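Undergrad: The sequence shown begins at 5 in this note's numbering and counts up by one. Ideal placement from N, C-alpha and C gives every residue a C-beta, glycine not left out. Quick caveat: nothing in here was measured; it's all calculated off a predicted structure. I have a structure I would like to understand better, so I am pasting it below and will then ask my questions one at a time.
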Amino acid sequence: MRLTPPEWRMLLAVWYVYGDVRISASTDLTALLGDMELPAVGWIKLNLDGASKGKPGEAGAGGLLCDHIDIVLAAFYEFPGFKTNLYAKLMAVFRGSEISIELGTLGCGLK
């Protein structure tokens, strides 16, 4: 199975959020995300993380946005450069919130 660029971005975001897990095209993403209560209809859940190697250091942030039936709607990852881990985490919250607004959701729950 050949993955398209959006699917690769989603897999990279899952890998970034969950660390060193084995991910392939057949990975059940909902099994990775199943530890959070599902949101109400019209809302989404935003699983995110941000980290840096050092304080400050090379930083990265990523996240997944899922709907009320645990379908992945969007995924993102970014590398802001030489920043603190707090900056990276806040960047993930900000970018995830932006995407939530773009999707037209009523609100989002953070994890």
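I need the DSSP call for residue 76, collapsed to helix, strand or coil.
TA: By one-based count along the sequence shown, residue 76 stands at place 72. Here residue 76 sits in strand by DSSP.
Undergrad: Give the straight-line distance between the Cα atoms of residue 37 and residue 60, rounded to the nearest whole angstrom.
TA: One-based indexing of the sequence shown puts residue 37 at position 33. One-based indexing of the sequence shown puts residue 60 at position 56. At residue 37 the pLDDT is 49, less than 50, meaning the model places this residue with poor confidence; the figure from the coordinates comes in the next sentence. Cα to Cα, residue 37 sits roughly 29 angstroms from residue 60.
Undergrad: Rounded C-beta distance between residue 100 and residue 42? I'm assuming under 8 angstroms.
TA: Translated into positions along the sequence shown, residue 100 becomes position 96. Translated into positions along the sequence shown, residue 42 becomes position 38. Actually they do not touch by this definition, with Cβ atoms about 17 angstroms apart.
Undergrad: Could you pull out every residue in the same chain whose Cβ sits closer than 7 angstroms to the Cβ of residue 103, ignoring the five residues on either side in sequence?
TA: What you label residue 103 is simply residue 99 of the sequence shown in a count that begins at 1. 69, 78, 80.
Undergrad: Pick helix, strand or coil for residue 69, following the three-state DSSP scheme.
TA: Walking along the sequence shown from the start, residue 69 turns up at place 65. Note: residue 69 maps to strand in three-state DSSP.
Undergrad: State the Cα-Cα distance for the pair residue 44 and residue 72, rounded to the nearest angstrom.
TA: Mapped onto the sequence shown, residue 44 falls at position 40. Mapped onto the sequence shown, residue 72 falls at position 68. Residue 44 and residue 72: Cα-Cα distance of roughly 6 angstroms.
Undergrad: Might you give, ordered along the chain, the residues of its own chain that have their beta carbon closer than 7 angstroms to the beta carbon of residue 111, omitting 5 neighbours on each side?
TA: The count along the sequence shown starts at 1 and reaches residue 111 at position 107. Once the five neighbours on either side are set aside, the close Cβ partners of residue 111 are 47.
Undergrad: Quick one: give me the first and last residue of the alpha helix (DSSP H) that residue 93 is part of.
TA: The residue given as residue 93 occupies position 89 in the sequence shown. First-last of the alpha helix (DSSP H) with residue 93: 89 to 106.
Undergrad: So, helix, strand or coil for residue 44, using DSSP?
TA: To locate residue 44, count along the sequence shown from 1; it is residue 40. Here residue 44 sits in coil by DSSP.
Undergrad: Helix, strand or coil: how does DSSP classify residue 59 here?
TA: Locating residue 59 in the sequence shown gives position 55, where the first residue counts as 1. Three-state DSSP puts residue 59 in coil, outside helix and strand.
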